[in-house]
Amino acid sequence: MYELSKILTFKKFPRKEILFFDGERVNTIALIVEGSAYSSILDVDGVVRITSFHYPSSLLEIVFNYEDYLQNMPSQKIYRAYEDVLLLLLDIAAVKRLYEKFPRFYQLELMIMEPNFVIALKNVRILQAKTATDKIKLLKDYFPQIFQLFPYSYIASYLGIHRNTFKKVMTHI
């Protein structure tokens with residue numbers, strides 16, 4: 098625990114500040130302690146599209162671009178604080194150096210991978226749903242707190258639904 102405490106840092110970000118930029122190498126894992134954040138990409142049409150939500154006490158508390166990390170690519174996403182956020186930051190290279198001295202730290206990476214895979218499976222189910230109603234219902238079932246923390250326009254963007262359609266469906270659910 099002492100070795101781990103040497104590579105952990107806390108950092109506060111004010112509302113709307115960028116946590117991680119697109120084009121950066123993915124070298125940090127963050128855990129949201131307080132606040133909320135989201136990630137987005139810029140579509141080829143120049144439209145910002147929400148790609149994920151993050152908040153404490155959920156599978157979504159880990160802020161980490163696992164996809165680009167595994168592919169050893171610069172991040173394609175921007176991570177931004179939706180409200181003031183406190184992150185616990187963990188440098189990936191520092192953790193990997195600890196593997197040699199403490200092989201059990203490899204379990205830390207596995208602990209981070211597992212929720213990412215669970216989230217990916219849920220996201221596939223949500224985004225492959227046939228109708229806007231089905232997408233919204235699944236998101237509500239899997240991650241109900243998103244509807245309390247983020248504006249409907251962000252949620253509609255994430256689901257790939259026009260905001261007017263989203264509002265119409267929400268009045269009937």
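Per this note's numbering, the sequence shown starts with residue 98, numbered consecutively.
No residue lacks a Cβ here, since even glycine has one placed at the ideal position from N, Cα and C.
Check: Just reading off the alpha helix (DSSP H) that residue 254 is part of, what are its end residues?
Finding: Mapped onto the sequence shown, residue 254 falls at position 157. Here the alpha helix (DSSP H) through residue 254 covers 249-256.
Next item on the list: May I have the straight-line CA-CA distance separating residue 214 from residue 125, to the nearest angstrom?
Entry: As a first step, residue 214 is located in the sequence shown; it is residue number 117 there, counting from the start. As a first step, residue 125 is located in the sequence shown; it is residue number 28 there, counting from the start. So the two alpha carbons sit approximately 18 Å from each other.
Margin query: With DSSP as the reference, identify every bridge partner of residue 107, one or two as the case may be.
Written below: Numbered from its first residue, the sequence shown carries residue 107 at position 10. DSSP, once it has assigned bridges, lists 185 as partnering residue 107.
Notebook entry, point to check: Does the Cβ of residue 107 have 16 or more other Cβ atoms within 10 Å, making it buried, or fewer, making it exposed?
Noted result: Locating residue 107 in the sequence shown gives position 10, where the first residue counts as 1. By the 10 Å Cβ count, residue 107 comes out exposed.
Next item on the list: Using the DSSP secondary-structure output, state which residues sit across from residue 146 in a beta bridge.
Entry: Position 49 of the sequence shown, counted from the start, is the residue given in the question as residue 146. The partner list for residue 146 (beta bridge, DSSP) reads 138.
Checklist line | Host beta strand (DSSP E) of residue 201 (start-end) | finding: Position 104 of the sequence shown, counted from the start, is the residue given in the question as residue 201. Taken as a continuous stretch (DSSP letters only), residue 201 belongs to no beta strand (DSSP E), as it is neither H nor E.
Margin query: Is the separation between the beta-carbon of residue 177 and that of residue 113 shorter than 8 Å?
Written below: In the sequence shown, residue 177 corresponds to position 80, counting from 1. In the sequence shown, residue 113 corresponds to position 16, counting from 1. In contact: residue 177 and residue 113 (Cβ atoms closer than 8 Å).
Next item on the list: Just tell me which of 199, 146 and 220 has its CA closest to the CA of residue 253.
Entry: As a first step, residue 253 must be located in the sequence shown, where it is residue number 156. The candidate whose alpha carbon is nearest that of residue 253 is 146.
Check: Taking the beta strand (DSSP E) that residue 129 falls in, what are its first and last residues?
Finding: Walking along the sequence shown from the start, residue 129 turns up at place 32. Residues 125-131.
Item checked: Reference residue 136, options 175, 122, 111 and 116, closest by Cα -> Here the question's residue 136 lines up with position 39 in the sequence shown. The option with the nearest alpha carbon to residue 136 is 175.
Next item on the list: Out of 115, 103 and 150, state which residue places its alpha-carbon closest to the alpha-carbon of residue 245.
Entry: Sequence index remark: in the sequence shown, residue 245 carries index 148 (1-based). Here the closest residue by C-alpha is 150.
Item checked: residue 133 to residue 182 span [Cα, whole Å] -> Translated into positions along the sequence shown, residue 133 becomes position 36. Translated into positions along the sequence shown, residue 182 becomes position 85. Roughly 6 Å between the two C-alpha positions.
Next item on the list: Would you list the residues sitting across from residue 178 in a DSSP beta bridge?
Entry: As a working mapping, residue 178 is identified with position 81 in the sequence shown. Per DSSP, 134.
Next item on the list: Note down, in chain order, each residue of its chain lying with its Cβ closer than 6 Å to the Cβ of residue 153, except the 5 sequence neighbours on either side.
Entry: Working through the sequence shown from its first residue, we reach residue 153 at position 56. The residues are 129.
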